[in-house]
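Here full-length UniProt numbering is used: the first residue of the first sequence is 1, the next is one more, and so on.
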Amino acid sequence: MTKSSPNIAWGEAALSRPQFIEQVWQEGRAAYRELPWRNIDDPFAVLVSEVMLQQTQVARVLNFWPRFMAAFPTADALAAASSADVLEHWQGLGYNRRALLLKRAAEVCAATLQGQLPRSYDELLALPGVGPATAAGVCNFAYRTAAPYLETNVRSVFLHLLFPSQENVADRQLMPLVADCAATEEPRGWNYALLDLGARLKAETANPSRRSASYARQSPFAGSNRQKRAALLRCVLAHPEGIAAAQAWQLVDEELARAGVAPADERLKGEIAAQLQREGFFRCEGGLLRP
DNA sequence: ATCCGGATAT
DNA sequence: ATATCCGGAT
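Written as structure tokens, this is what we have:
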């Protein structure tokens, strides 16, 4: 049952493979969203959009992708830019690590591929900050070469149509179906249809992806390490000439206080600053935190 | 107060 | 396997 190749178990629903594919094409096309990073062949521009769309919704990315691409139009440009400049353009998008990883990916392309992006899924996957979904996104959308693309909107479509009542559905169950459908003549259009139908389903009904085994609730932001990390980074970026750690933390504590959040204790402050340095967000030179 | 969302390090 | 990483909208 798990192996018979043309007749893999097609979810739990009474929907055949051709019926499923037809329905996704029909409803996905009807729900089509025109987005600035769509229908372009430039793999770097697509990579930037895919990385921004990791853990960040379309509405937010719309405010950032055009400005980012104007500032860093090519992998060479991003590789040559300062981390501070790149992080500045990322502020407000969240999960700042992604910006550093994207810049490192650009540096790999600049150093080893004359500024071009790799063509193959496996080589894309090897780039910093590029996982299975992002690598598949670049293949499908930029190169129009088919690759199984499984992210939240796609997951929602498969769960809604093929696992309508099952809870805790693992990606391991979904992936064979996604891969089966991915073998198409039109990988770009097919995956746009999946994304757009998924987005429509979420707008109309309870998020089907909540029935995914990998769905996780977030811990609260207020009072979190994430909040303090982000505030410290913003503070250091605002002082290009460098700022003493104690002074930076005083400014951060004031900002937290305005948000009704207690200041971090000294031990935590040290750990957060050290962690950010280790990850490459800034350096400590002559007692000054410097982007 | 609750919601949304991929990759990486351990 | 599990913990961690952001911020705005609602």
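The beta-carbon is built from N, C-alpha and C at its ideal position, and this holds for glycine as well.
None of the values given here were measured: they were computed from a predicted structure.
Can you grab the Cα-Cα spacing for the pair Val154 / Leu100, in whole Å?
Counting from 1 along the first sequence, the entry for residue 154 is found at position 154. Counting from 1 along the first sequence, the entry for residue 100 is found at position 100. Looking at the backbone, the Cα of Val154 and that of Leu100 are separated by about 27 Å.
Counting beta carbon pairs with one atom in the stretch 183-194 and one in the stretch 15-35, are three or more of them shorter than 8 Å?
yes
Complete runs of the alpha helix (DSSP H) confined to the UniProt domain "HhH-GPD" (52-200) [at least 4 residues]:
58-61, 65-71, 75-80, 83-90, 97-112, 121-125, 132-138, 152-162, 171-182
Leu276 (DSSP reduced to helix, strand or coil)
The sequence position of residue 276 within the first sequence is 276, counting from 1. Helix.
I need the boundaries of the alpha helix (DSSP H) containing Arg258, first residue and last residue.
As a working mapping, residue 258 is identified with position 258 in the first sequence. Start and end: 245-258.
Taking DSSP's pairing of strands, which residues face Ser209 in a bridge?
Working through the first sequence from its first residue, we reach residue 209 at position 209. Answer by DSSP bridge pairing: none, since Ser209 is not bridged.
With distances taken from CA atoms, which of Met69, Leu93, Arg290, Ile40 is nearest Ala230?
Indexing the first sequence from 1 puts residue 230 at position 230. When each option's Cα is compared against that of Ala230, the closest is Leu93.
Is the separation between the beta-carbon of Gly198 and that of Ser156 shorter than 8 Å?
Reading the first sequence from its first residue, position 198 is the one you call residue 198. Reading the first sequence from its first residue, position 156 is the one you call residue 156. It is a contact, given that the beta carbons lie within the stated cut-off.
What are the boundary residues of the alpha helix (DSSP H) that includes Arg17?
On the first sequence, position 17 is the one that residue 17 refers to. That run of the alpha helix (DSSP H) goes 17-30.
Just confirm the distance between the C-beta atoms of Val138 and Leu124, as a whole number of angstroms; I'd bet it's less than 8 Å.
For the purposes of this step, residue 138 is taken as the residue at position 138 of the first sequence. For the purposes of this step, residue 124 is taken as the residue at position 124 of the first sequence. With 8 Å as the limit, Val138 and Leu124 qualify as a contact, their Cβ atoms being about 5 Å apart.
Looking only at its own chain, which residues have a Cβ that is under 6 Å from the Cβ of Phe141, when we skip the five neighbours before and after it?
By one-based count along the first sequence, residue 141 stands at place 141. Here the set comprises Val46, Arg188.
Does DSSP classify Glu285 as helix, strand or coil?
Translated into positions along the first sequence, residue 285 becomes position 285. Three-state result, Glu285: strand.
Using DSSP with H/G/I as helix, E/B as strand and the rest coil, what is Ser5?
Mapped onto the first sequence, residue 5 falls at position 5. With a pLDDT of only 36 at Ser5, under the threshold of 50, the placement of this residue in the model should not be trusted; the figure read from the coordinates follows. DSSP places Ser5 in coil when its eight states are reduced to three.
How would you label Pro18, buried or exposed, when you count the other beta carbons within 10 angstroms and need 16 or more for buried?
Within the first sequence, numbered from 1, the residue matching residue 18 stands at position 18. Burial call: exposed.
Just checking, does the stretch 66-77 make contact with the stretch 206-222 on the three C-beta pairs under 8 Å criterion?
Under the Cβ criterion (8 Å, minimum of three pairs), the stretch 66-77 does not count as touching the stretch 206-222.
Quick check: Leu62 and Lys103, are their CB atoms within less than 8 Å of each other?
Within the first sequence, the letter at position 62 stands for residue 62. Within the first sequence, the letter at position 103 stands for residue 103. Against a cut-off of 8 Å, the Cβ pair of Lys103 and Leu62 comes out as no contact.
Which first and last residues belong to the alpha helix (DSSP H) in which Asn225 is found?
Within the first sequence, the letter at position 225 stands for residue 225. That run of the alpha helix (DSSP H) goes 225-237.
Assuming Ala244 and Leu288 make a contact with CB atoms under 8 Å, what is their CB distance in whole Å?
Stepping through the first sequence from its first residue, residue 244 is reached at position 244. Stepping through the first sequence from its first residue, residue 288 is reached at position 288. Taking the Cβ atoms as the reference, Ala244 lies roughly 6 Å from Leu288, within the contact range of under 8 Å.
Where Arg267 sits in the DSSP three-state scheme:
Here residue 267 corresponds to residue number 267 of the first sequence, with the count starting at 1. Of the three classes helix, strand and coil, the one that applies to Arg267 here is helix, per DSSP.
Just how far apart, CA to CA, sit Val130 and Val51?
The count along the first sequence starts at 1 and reaches residue 130 at position 130. The count along the first sequence starts at 1 and reaches residue 51 at position 51. Spanning the two alpha carbons is a distance of roughly 8 Å.
If the criterion is Cβ atoms closer than 8 Å, does the pair Ala170 and Tyr149 meet it?
To locate residue 170, count along the first sequence from 1; it is residue 170. To locate residue 149, count along the first sequence from 1; it is residue 149. No, the pair does not count as a contact, with Cβ atoms beyond the cut-off.
For Ser49, which residues of its own chain have a beta-carbon under 6 Å away from its beta-carbon, when the five flanking residues on both sides are left out?
Here residue 49 is taken as the residue at index 49 of the first sequence, counted from 1. So the qualifying residues of the chain are Trp37, Trp65.
Supposed contact pair Leu268 and Ala248 - C-beta distance, whole angstroms, cut 8 Å:
Taking the first sequence and counting its residues from 1, one reaches residue 248 at position 248. Taking the first sequence and counting its residues from 1, one reaches residue 268 at position 268. 14 Å between Cβ atoms; not a contact.
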